[in-house]
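Per numbering that gives the first Met the number 0: the sequence shown = residues 0 to 317.
As structure tokens, the structure follows; a few thoughts come after it.
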Amino acid sequence: MAFFCIIFIYFFCCCIIYLEMRYYMIIGSHVSFNKNEQLVGSVRESISYGANTFMFYTGAPQNTRRLPIDSSLTREAFSLMKENGIDFNNVIVHAPYIVNLANEKNFDFSISFLREELKRVEELGFDKVVLHPGSHVGIGSDKAIENIVYCLNKVLVDTNVKVLLETMAGKGTEVGINFSEIRKIIDGIDNKANIGVCLDTCHIHDAGYDVSDFDSVLSEFDNIIGLDKLLCIHINDSKNVIGAHKDRHENIGYGYIGFDNMINIIYNERVKDVPKILETPYVKDDSGSYPPYKFEIEMIKNKKFNDNLYNDVIDYYK
Ligand code: FE
Ligand code: FE
Ligand code: ZN
């Protein structure tokens with residue numbers, strides 16, 4: 000009798016573990032962080048999308064004006080996160096994209112701003128900041144990589160925050176457009192524990208990687224950089240063909256990567272612990288624009304393409 004009980008308990012546990020694995024996914028989207036609600040607003044927005052993580056800018060992405068952080072709002076946000084199963088370890092901050100470490104122009108400002116930004120992120124209780132490596136604007140990528148390394152070595156001191164270099168599409172004079180360039184930057188960093196990578200599916204597709212064979216892409220990443228450095232994935236379809244070097248995001252399943260490939264990327268076992276963040280475009284009509292994330296996350300969880308996404312979004316928010 001005892002024997003059968005043990006067998007039964009064993010199978011029961013196996014079933015639970017299997018179900019957990021099947022449904023375990025760290026997914027969210029880019030959300031806003033406004034001056035009145037700050038992090039509380041970001042958390043509420045994520046919850047409304049059915050997400051269990053999120054990414055935000057600490058102010059407008061296109062400028063470096065930043066307001067002081069209200070610690071009572073931060074505390075409120077953390078209890079809200081706890082109640083709703085959002086683990087703060089999976090939350091991502093994005094540095095403003097005008098910070099360009101690749102070119103000497105505004106060097107000192109970029110360094111001091113980034114230092115401040117890491118402090119803000121630490122104050123908010125998070126530890127990961129995604130950063131675009133930058134654009135060389137004519138000086139060539141070798142010199143640009145030297146510059147990025149120089150700046151990051153000045154920024155990554157006395158901090159618990161990790162900077163995640165984002166893989167870029169190769170638009171204009173962008174740097175970090177393949178795994179080797181990212182590796183070269185990492186090689187120059189003194190504080191290697193505080194440097195990681197954010198893989199953007201639209202960007203690597205536009206840069207020429209064939210994401211329909213994501214396992215091979217991951218193997219290449221592992222050989223050149225190491226999968227332990229992969230700390231965030233931006234989940235975007237692309238408006239352009241592979242290798243287009245454009246960087247125009249598309250809604251999941253509506254672009255050249257396609258729904259099945261996106262699902263295979265998201266559910267790949269090798270990246271199951273990596274937070275996945277949607278940065279797909281808002282749905283627009285004459286009266287405004289609306290976030291697609293609630294419906295995209297639904298599609299992803301159900302593994303079923305919604306060919307009525309635009310109307311569903313508009314009907315829901317209008
Ligand atoms: Fe980005
Ligand atoms: Fe991105
Ligand atoms: Zn992009």
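Heads up, the beta-carbon is just placed ideally off N, CA and C, and yes, glycines get one too.
>> Using a Cβ-Cβ cutoff of less than 8 Å, which residues in the same chain neighbour Leu-123 once the five nearest sequence positions on both sides are dropped?
In response: Leu-38, Thr-57, Ile-68, Thr-73 and Val-92
> So the beta strand (DSSP E) Val-129 belongs to, where does it begin and stop?
Replying inline: 127-130
> Based on the DSSP secondary-structure assignment, which residues constitute the bridge partners of Lys-161?
Replying inline: Lys-127
> If you count every other CB in all the chains shown that lies within 10 Å of the CB of Asn-99, and 16 or more means buried, which is it?
Replying inline: Buried, by the Cβ-count rule.
>> Please state whether the Cβ-Cβ distance between Val-196 and Leu-229 is less than 9 Å.
In response: yes
>> Give me the pocket residues for ligand 3, defined as CB within less than 7 Å of any heavy atom, sorted by chain position.
In response: Ala-168, Asp-199, Cys-201, His-202, Asn-235, Asp-246, His-248 and Glu-278
> What's the C-alpha gap between Phe-262 and Ala-1?
Replying inline: In the sequence as presented, Phe is not what sits at residue 262; that position holds Ile. One C-alpha to the other measures close to 43 Å.
> Around the Cβ of Ser-28, are there at least 16 other Cβ atoms within 10 angstroms (buried) or fewer (exposed)?
Replying inline: buried
>> Any heavy atom of ligand 1 closer than 8 Å to the beta-carbon of Glu-121?
In response: Glu-121: no, Cβ never under 8 Å from ligand 1.
> By DSSP, does Leu-113 sit in helix, in strand, or in coil?
Replying inline: helix
>> Does the region 40-59 come into contact with the region 76-93, if we say contact requires no fewer than three beta-carbon pairs (one atom in each stretch) closer than 8 Å?
In response: yes
> Out of Ile-176, Glu-82 and Lys-153, which has the shortest C-alpha to C-alpha gap to Ser-134?
Replying inline: Ile-176
> Taking the C-alpha atoms as reference points, what is the distance between Thr-279 and Pro-291?
Replying inline: C-alpha of Thr-279 to C-alpha of Pro-291: approximately 8 Å in a straight line.
> Is Glu-295 near ligand 2, with its Cβ less than 8 Å from a heavy atom?
Replying inline: Shortest gap from the CB of Glu-295 to any heavy atom of ligand 2: 8 Å or more.
>> Among Phe-112, Gly-139, Glu-249 and Ile-97, whose alpha-carbon lies nearest the alpha-carbon of His-131?
In response: Ile-97
>> Measuring only from the beta carbon, is Tyr-309 closer than 8 Å to any heavy atom that is part of ligand 1?
In response: no
> From this set, Tyr-149, Ile-241, Pro-274 and Ile-256, which residue's C-alpha is nearest Cys-231's C-alpha?
Replying inline: Nearest option by C-alpha distance: Pro-274.
> If we call anything under 9 Å between Cβ atoms a contact, is Ile-224 one with Ile-181?
Replying inline: yes
> Would the C-beta of Glu-165 count as close to ligand 2, meaning under 8 Å from any of its heavy atoms?
Replying inline: yes
> Exposed or buried, what is Arg-119 when buried is set at 16 or more other beta-carbons lying within 10 Å of its beta-carbon?
Replying inline: buried
> Can we count Val-92 as close to ligand 1, meaning its CB is less than 8 Å from some heavy atom?
Replying inline: no
>> If distances are taken between C-alpha atoms only, which option among Ala-94, Phe-220 and Lys-81 comes closest to Gln-61?
In response: Ala-94
> So Val-160 and Asn-193 are in contact, right, with Cβ under 8 Å, and what is the actual spacing, rounded?
Replying inline: 7 Å
>> Which complete alpha helix (DSSP H) runs does the region 126-213 hold, if anything under 4 residues is left out?
In response: 140-154, 178-187 and 200-206
> According to DSSP, is Phe-304 helix, strand or coil?
Replying inline: coil
> Is the beta carbon of His-131 within less than 8 Å of some heavy atom of ligand 1?
Replying inline: yes
> So, using beta-carbon positions, are Asp-259 and Glu-249 closer together than 9 Å?
Replying inline: If you check the CB distance, Asp-259 and Glu-249 do not come in under 9 Å.
> Using CA coordinates, which residue listed in Asn-146, Ala-168 and Phe-106 is at the minimum distance from His-244?
Replying inline: Ala-168
> Which two residues bound the contiguous alpha helix (DSSP H) that contains Ser-31?
Replying inline: Element bounds for Ser-31: n/a, residue is neither H nor E.
> Would the beta-carbon of His-233 be found less than 8 Å away from any heavy atom of ligand 1?
Replying inline: Yes, the beta carbon of His-233 sits closer than 8 Å to at least one heavy atom of ligand 1.
> Short check: CB of His-233 to CB of Glu-165, under 9 Å?
Replying inline: yes
>> Following a CB-centred definition, is Cys-150 positioned closer than 8 Å to any heavy atom of ligand 1?
In response: It does not: the Cβ of Cys-150 is nowhere closer than 8 Å to a heavy atom of ligand 1.
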